[in-house]
Every structure is written in structure tokens, then in C-alpha cells.
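Sequential numbering from 6 applies to the sequence shown in the working numbering. Each remark here refers to the structure printed beneath this line.
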Amino acid sequence: MSNPQPSPTPSSAPTRGLAGQIARLRGVYEEYPRQFWVLVFGSFIDRLGGALLFPFFSLYITQKFDVGMTQVGVIFLVFSITGLFSSLLGGALTDRIGRKGIIIFALVMSALSALGMGLVNDFTTFLVVAGVVGLLSDVGGPAHSAMVADLLPEHKRAQGFGILRVVFNLAVVIGPLLGGILASRSYLLLFIIDTITSLLTAGFVWVAIRETRVAPAPGEPQESLGQTFKGYFTVLRDSAFTWFMLASMLSVLMYMQMNTSLAVFLRDVHGTNEQMFGYILALNAAMVVLFQFPITRRITPFRPLMVMVAGTLLYAVGFSLYGFVASFPLFLAAMVVITIGEMLVSPVSQAIVTNLAPEDMRGRYMATYGFSWVLPSAVGPLLAGLILDNLDPHLLWFAAGFLGLASAAMYYALQQKVGGSRWALVDMRLQVFQQLEEGRLTVEEAAARLAEVQEAKYARMREQETPPAPEQLRVRVSSTDSGHTHTELLLPLGLVNIFLNTDCRLSLDVEQHVDAQRLRHLIAEGLSNGGSASLETEAKARVEIFRESVSGEDETA
């Protein structure tokens with residue numbers, strides 16, 4: 006008869022559970038480069054200050070200056086028009102001079118602008134300050150998104166943007182609750198705290214974050230400033246991207262009502278005070294914090310555009326509910342539906358844009374995609390204000406639901422017809438990266454498949470008379486004794502992040518093997534220097550890595 010096994014002590018199961026949670030968190034942390042987590046932390050600090058202020062911005066304007074929602078719409082119109090020029094400038098400078106400096110400049114300008122708005126005492130001056138805010142503070146948006154794309158491989162970008170949304174909304178969980186308390190005492194405190202957090206973040210970025218833009222190789226021709234801005238015409242000729250942006254405009258026009266008109270509607274129609282509205286926004290943020298990352302992981306196998314369709318339909322249902330319901334629990338229920346849609350749409354949309362954009366044009370693609378927010382921001386609050394001030398306020402939410410249905414239909418049509426083969430190429434690249442990470446492909450097999458996908462992409466670009474500028478990473482291994490080249494491998498730059506972020510081994514030939522950690526260090530050194538780098542391996546071989554653009558002859562061969 007066997008001896009009975011001792012039962013676990015009451016504390017052992019929780020201990021193992023805690024250890025398992027810590028191990029899972031450590032595993033998630035190790036999936037992404039350290040620089041990405043540094044960027045995430047800095048973004049959290051800045052977001053915390055903005056989360057105190059922005060949800061109560063419309064309430065502040067209507068209360069302090071004794072104006073209606075139409076005047077609030079004018080303020081957002083000024084923000085949007087000036088922000089349009091700011092974003093275009095930021096996108097071009099991001100591609101030309103880099104990401105880090107643009108982010109710091111935008112944070113400092115945002116800090117000064119927030120303080121200025123808090124000290125203004127008349128509406129006309131506030132309108133002028135709003136123009137300055139939009140002109141200067143939005144310049145960093147394209148740089149921030151481009152830096153995330155620089156740091157993460159294609160198949161990790163949706164998850165990376167999802168992580169950013171988690172920390173953003175963690176700030177939003179804290180922000181509205183604390184902001185509601187502070188706003189009941191003094192709105193000026195909100196502006197002061199927003200200023201402080203922006204300055205702290207600027208200092209943190211200066212000290213802790215390195216530049217991620219790949220410097221041009223020595224002797225490589227650089228664009229003039231005029232050519233950089235002309236690159237926007239290349240972006241607009243990308244039909245798949247343009248249609249995606251138009252569909253996004255309708256979705257954003259609906260979504261932004263949550264942060265501009267919903268608070269005033271609930272206050273004026275249903276008597277909901279600032280603190281109760283803070284609870285509604287806190288529910289939204291708490292759901293994102295708890296469920297965004299697991300949801301983003303689970304939707305990875307699905308086609309990105311179909312995820313956009315599902316999320317936008319949930320938007321339509323959730324916003325329409327506000328036109329029907331009249332109790333606080335149902336207000337919360339409507340926000341639950343909206344938040345589920347948000348957790349599908351937001352990270353996937355950003356990943357789609359960065360995956361469509363060539364590496365050297367990421368800033369300009371992200372800036373152009375900003376039109377999908379800028380234009381709705383210009384007209385959305387104004388149109389909503391006209392409805393709230395002059396018509397039945399419930400009509401606003403029925404109109405929002407219609408916009409959601411129209412946006413979902415456009416995403417579906419885009420998947421089925423417009424640029425369908427373009428989306429197929431993106432899906433193929435994502436599948437290659439996923440299979441490589443899971444060990445189902447060797448590095449050489451992945452490189453070969455990516456080369457096929459890239460060639461198909463360049464063929465499409467040639468058909469559209471868009472000159473491709475494919476860049477690759479050349480890995481050359483030669484004997485240290487004779488200098489004879491044993492093998493040479495060309496890798497698309499998109500594959501580089503696999504080496505930087507995974508533990509795969511690169512087998513260069515039957516005799517020479519390079520340790521993954523040393524290879525990642527070498528690649529990082531070569532890219533950051535904008536030139537070549539080399540190391541001596543234990544197998545008496547020299548590995549040289551350098552970046553190069555494929556010549557025009559190679560492209561057309």
C-alpha cells in the first residue's frame with residue numbers, strides 16, 4: 006500500500022500561482038526589446054498628466070467661459086487645423102532627422118501650451134492659445150509610432166501597440182478619478198500637473214531612449230528637404246492605404262464623441278455629474294488594462310481588416326445605445342460594448358499602417374494616417390455641438406451608429422476588392438515571421454520566402470510607377486586566414502528584428518555558426534553606426550554585416 010502524498014499547505018498554491026504569474030510576466034517582458042519598455046514607461050508618465058485633463062476639457066470650457074458646445078467645437082476645429090500642419094511637418098522630419106529629437110520637442114511644447122491654456126481668462130485668447138497648441142504639440146505623434154515600428158518586427162507590432170494601450174489606459178484609470186476630484190476644486194491644477202508630467206517625460210526620453218532611425222550608409226544619397234515633403238504624394242498614391250484611411254475617418258468621427266460630447270450629453274440630458282462620468286471612463290480604461298493584451302494575442306491569426314470590421318460594428322452598437330438608454334447601469338453597459346470594439350480596432354489599425362509603410366517612409370505614412378483623426382476632430386465636435394444645441398440630442402448617437410456601419414462596410418469592401426493582393430502580401434509576411442518565431446521555419450527558409458514576398462511587392466510598385474528602394478542586410482562570412490568568402494546571405498531589413506528579439510541561431514554554412522546573442526549585438530552595432538560591423542567567431546571566421554540599398558538594375562532584373 007503506497008503512502009498517501011502530503012496535501013499542499015494553504016499557502017503553497019497561492020505561492021505557485023504567484024510564481025507562475027511572475028514567470029508569465031517575465032516571459033512577456035523578454036519577448037520585446039528593453040528600449041521598447043523604456044518607451045512604454047515614458048509614455049505612461051506623459052499620458053497620466055493628459056488623462057487628468059482631457060476628459061474634462063469640454064466641461065472646463067463651457068463652465069469657465071460660459072459658452073455652448075458649438076464654441077467647444079470651434080476650439081477643436083482650431084486644434085485640428087493647426088495640428089494637421091504640425092503632424093505633416095513631424096512626419097517629414099521624423100523620416101529625415103530621426104525620432105527622438107522630435108518627440109522631445111513635442112513634449113516640451115505640449116507642457117508650455119498646457120500651462121498657457123490654464124492661465125488664460127477670456128475665450129478669444131484661449132482660441133489663439135489653442136492654435137499654438139495644435140501647431141506645436143502634435144509634431145511628435147508620427148515619431149512615436151515610427152519608433153515603435155522600428156523596435157518591433159511586423160508580427161509583434163499589433164501586440165506592441167496593444168501594450169501601449171494598456172499602459173495608456175492604466176493612466177486613464179487613475180486620471181479621470183483623480184481629475185474629477187481636482188476639477189471640483191480647481192481646473193488650474195489639472196493644467197499644472199499636465200505641464201509637469203510632459204516636462205518629466207521629455208527629460209526621461211532625453212536620458213534613457215536612443216535614436217532608432219537607421220542612419221544612411223556612408224556615401225548613400227540623401228533626400229533634400231523638398232524631396233522629403235514630396236514623399237507625401239507617394240503616400241497618397243498608395244490606394245490600399247488611402248482607402249483604409251478614409252474608412253478610418255468615419256470610425257474616428259464616431260469614436261471621438263466619447264471624449265468630446267458624451268460628458269456634456271450625459272450632464273445636460275440625464276443629470277450625470279463629473280464624478281459619475283469619471284466612473285464610465287474608468288470602466289473603459291480598466292477593461293483595456295485587464296483584457297487588451299490577451300485579446301490582441303488571440304486575434305493575431307485573423308485577417309487584420311476583418312478584425313477592423315468586427316470592432317467597428319461593436320462601436321456602432323455601443324454608441325447607438327446612448328440614444329436609447331437612460332440609466333447609469335446601462336450607460337456602463339454601452340461603454341462595455343464600445344470598449345470591446347476599441348480593443349479590436351485601435352492596436353490593429355496602427356499595426357496595419359506601419360506594416361504597409363516602407364521603412365524609410367514610416368513617419369510620413371503615420372502623419373498621413375493622422376488625417377483620419379485630424380479631419381474628424383475638425384468637424385466632429387462642431388457638428389455634434391450643432392446637434393446638441395439645436396436638435397434632439399439623442400440624434401447624435403443614432404448618427405454615430407450609422408457612421409459605424411458605413412465604416413465597417415468600407416473595411417469589408419477593402420478586404421474583398423480594393424488592394425486585395427496588397428493585403429495578401431502583408432498577411433504572407435506576418436505568417437513568415439510567426440512561423441520563424443515558432444520554429445517551423447529556419448532562418449534561411451524565412452529569408453527565401455520573404456524575398457519572394459518582397460519581389461511581389463516591388464513588382465506591384467513598379468506597375469504603379471512607384472520607384473521601390475528595397476534595403477537589405479548583407480551577412481558575409483569569410484575565413485580569417487585566407488579571406489576567402491565562405492557564404493553570403495542577403496536578408497530583408499524586416500527580418501533583422503527576428504535576430505534582435507528571438508533566440509534563433511543563424512547557420513551560415515555547414516561549418517560556421519554564429520551565436521545568436523553575438524549576432525544580435527553585431528547587427529545592432531552595424532545598424533546604429535549606419536555602416537558595417539564585424540566580429541571574429543570562435544570558428545576562425547569573420548562575420549561582416551552592413552546595410553545596403555539594392556541597385557536599380559537589381560530591382561528591374
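Ideal Cβ positions, reconstructed from N, Cα and C, are used throughout, including at glycine. The structure presented is a predicted model; accordingly, all values stated were derived computationally and were not measured.
| Item | Value |
| --- | --- |
| Cβ-Cβ distance between arginine 369 and tyrosine 237 below 8 angstroms | yes |
| Cβ neighbour criterion (16 or more within 10 Å) applied to lysine 161 | buried |
| Delimiting residues of the alpha helix (DSSP H) encompassing asparagine 360 | 333-361 |
| Spatial neighbours of valine 43 in its chain, beta-carbon cut-off 6 angstroms, leaving aside the 5 residues before and after | Ala213, Ile214 |
| Stretch-stretch touch, CB-based, cutoff 8 angstroms, three pairs: the region 242-259 with the region 371-390 | yes |
| Span of the alpha helix (DSSP H), counted from its first residue to its last, around arginine 369 | 367-374 |
| Span of the alpha helix (DSSP H) around isoleucine 109 | 105-124 |
| Outcome for serine 92 when other beta-carbon atoms lying within 10 angstroms are tallied against a minimum of 16 | buried |
| Check whether tryptophan 402 and serine 354 have beta carbons under 8 angstroms apart | no |
| Selection from Gly180, Asn126, Gly316 that minimises the alpha carbon distance to leucine 288 | Gly180 |
| Per-residue DSSP class, three states only, for valine 312 | helix |
| Beta-carbon proximity of valine 153 to glycine 165, cut-off 8 angstroms | yes |
| Secondary structure of arginine 242, DSSP reduced to three states | coil |
| Three-state class that DSSP yields for proline 181 in the structure shown | helix |
| Contact under 8 angstroms by Cβ, isoleucine 107 with glycine 145 | yes |
| 8 angstroms contact criterion, which serine 382 and phenylalanine 84 should meet: CB distance rounded | 6 angstroms |
| Euclidean distance between Cα positions of proline 38 and valine 330 | 45 angstroms |
| Expected contact under 8 angstroms - CB spacing of alanine 405 and methionine 259 to nearest Å | 4 angstroms |
| Simplified DSSP state of glycine 78, which is helix, strand or coil | helix |
| Nearest-angstrom beta carbon gap, phenylalanine 209 and isoleucine 567 [assumed within contact, 8 angstroms] | There is simply no residue 567 to check, as the chain begins at 6 and stops at 562 in what is shown. |
| Touch test, the region 197-205 against the region 111-129, Cβ-Cβ under 8 angstroms, three pairs minimum | yes |
| Stretch-stretch touch, CB-based, cutoff 8 angstroms, three pairs: the region 343-359 with the region 300-312 | yes |
| C-alpha distance - glutamine 76 paired with leucine 319, whole-angstrom precision | 30 angstroms |
| Presumed contact (8 angstroms Cβ cut-off) between glycine 47 and threonine 206, rounded CB distance | 5 angstroms |
| Alpha helix (DSSP H) segment containing leucine 285, residue limits | First, the residue type needs correcting, since residue 285 is isoleucine and not leucine in the sequence shown. That run of the alpha helix (DSSP H) goes 279-303. |
| As assigned by DSSP and simplified to three states, the class of proline 386 | helix |
| Residues near leucine 204 by beta carbon distance below 8 angstroms, same chain, minus five either side | Leu112, Val113, Ala116 |
| Residues near leucine 89 by beta carbon distance below 6 angstroms, same chain, minus five either side | Val379 |
| 7 angstroms Cβ shell around valine 294 - same chain, five flanking residues per side excluded | Val171, Asn174, Leu175, Val178 |
| Completely contained alpha helix (DSSP H) runs for the region 139-167, where each covers 4 or more residues | 146-156 |
| Glycine 283 and glycine 385 closer than 8 angstroms at C-beta | no |
| Methionine 261 and valine 341 closer than 8 angstroms at C-beta | no |
| Residue environment, alanine 321, which counts as buried when at least 16 other CB atoms sit within 10 Å | buried |
| Beta-carbon proximity of methionine 122 to valine 134, cut-off 8 angstroms | yes |
| As assigned by DSSP and simplified to three states, the class of phenylalanine 59 | helix |
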